[in-house]
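Report on one structure; see the data block that follows.
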Amino acid sequence: MSITASGARLRAIHITTSLQTLQLRQPDLFYHLYHPPTPLSDTIPVFALSFLPNAPPSVQSSTVIGWLPAATPEESEEAGLNDFVENSAFRDLLHEAVQSALRDEIDDIQRNGAIQTQQGWMHIHDSRNIPALGRIGDPDDIIASVRVEEGKILAETYQPMPSYRLCTADGVLQLTEGLARRLKEILEVRVAEEGR
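Set out below in structure tokens:
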């Protein structure tokens, strides 16, 4: 697939492989094409990744998870997940959503994890690479940690993990059902605010 921008022939990244594979694994992930200028380049279009099916009001919306180059200037180069650039504004919304969901106890997986932990610190893991039972996950996949006392999550102790990455070789952020539902609610409110 090729696209033309400012007279230069640009080759779209291997949508038939990387992006379609991700889409099959993550049907709730949407790729919105934006033409330059973008946060990544003044000349190359980007895909803004989002959990919302409709394009965000702007390429720099806080509801955008991050950006992937949609094309490369050289025919021999291919862009891929290593070229993903995360949106720090989205990261803030993610932590707001996860902490809020924990406070409201809307995620059965996390609630059951707290019951099993009973006392101590519990990690909130990204679901794209779940650690084996009783093991600590990869630091890239630990979203945050919270204190648990008497089998209850103390949401006010929520500590974001600085090493967490929104996109790894295992794919883009994946949340448990309750956390994903709360994140989507917050994203829908935010996109409405930004669209005004």
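If you read the sequence shown in this note's numbering, its first letter stands for residue -1, the second for the next number, and so on. Ideal placement from N, C-alpha and C gives every residue a C-beta, glycine not left out.
| query | What's the gap between the Cα of S56 and the Cα of L31? | reply | Those two C-alpha atoms are separated by around 11 Å.
| field | Residues that H121 bridges to, as DSSP identifies them | value | H121 pairs with S143.
| said: For E94, report the span of its beta strand (DSSP E) as first-last. | reply: Looking at the DSSP string, E94 is not in any beta strand (DSSP E); the run it does join, the alpha helix (DSSP H), is 86 to 101.
| query | Who are the Cβ neighbours of G5 in its own chain at under 6 Å, not counting the five residues just before and after it? | reply | With a pLDDT of 31 at G5, under the threshold of 50, the modelled position of that residue is not reliable, and the figure given next carries that caveat. Excluding residues up to 5 positions away in sequence, nothing lies with its Cβ nearer than 6 Å to the Cβ of G5 in the same chain.
| request: Kindly indicate which three-state DSSP category G176 falls into: helix, strand or coil? | output: Helix at G176.
| field | Contained beta strand (DSSP E) runs [length at least 3] in the region 25 to 87, N- to C-terminal order | value | Counting whole runs of 3 or more residues, the region 25 to 87 contains the beta strand (DSSP E) stretches 28 to 32, 44 to 48, 64 to 67.
| Which class does P158 belong to by DSSP, given the choice of helix, strand or coil? | Per DSSP, reduced to three states, the secondary structure at P158 is strand.
| So what does T115 bridge to, in DSSP terms? | For T115, which the question treats as bridged, DSSP gives no partner whatsoever.
| query | Can you give the Cα-Cα distance for P37 and G169, rounded to whole angstroms? | reply | About 21 Å.
| message | Among the candidates S39, T115, D90, whose CA atom is the shortest distance from the CA of A273? | response | This structure leaves residue 273 out entirely; the chain is present only between -1 and 194.
| Are D81 and L91 closer than 8 Å when you measure CB to CB? | For the pair D81 and L91, the CB atoms are not nearer than the 8 Å cut-off.
| task | Compare the beta carbon distance of L171 and L164 with 8 Å and say whether it is the shorter of the two. | result | A contact, by the Cβ cut-off of 8 Å.
| message | To the nearest angstrom, how far is the alpha carbon of T19 from that of E147? | response | Low per-residue confidence applies at T19: pLDDT is 49, beneath 50, and the placement is therefore not dependable, though the value from the model is reported in the following sentence. When rounded, the distance between both Cα atoms is 41 Å.
| request: Kindly confirm or deny that the region 90 to 106 and the region 140 to 160 touch, where touching means at least three C-beta pairs closer than 8 Å. | output: In this structure the region 90 to 106 lies against the region 140 to 160, because at least three pairs of beta carbons, one per stretch, are closer than 8 Å.
| request: Please report how far the alpha carbon of G64 lies from the alpha carbon of N52, in whole angstroms. | output: The alpha-carbon atoms of G64 and N52 are separated by roughly 15 Å.
| query | Per DSSP, I151 forms a beta bridge with which residues? | reply | Under DSSP, the beta-bridge partners assigned to I151 are V146.
| Which residues in the same chain as F88 place their Cβ atom closer than 8 Å to its Cβ, once the five residues preceding and following it in sequence are excluded? | Closer than 8 Å at Cβ, skipping near neighbours: S60, T61, V62, I63, G64, L164.
| If we ignore side chains and look at the alpha-carbon of each, how far apart do D136 and G149 end up? | C-alpha separation (whole angstroms): 24 Å.
| Cα-Cα separation between I134 and R109, rounded to whole angstroms | Each residue's alpha carbon lies about 18 Å from the other.
| query | When the Cα atoms are used, what is the spatial distance from P43 to P54? | reply | Those two C-alpha atoms are separated by around 15 Å.
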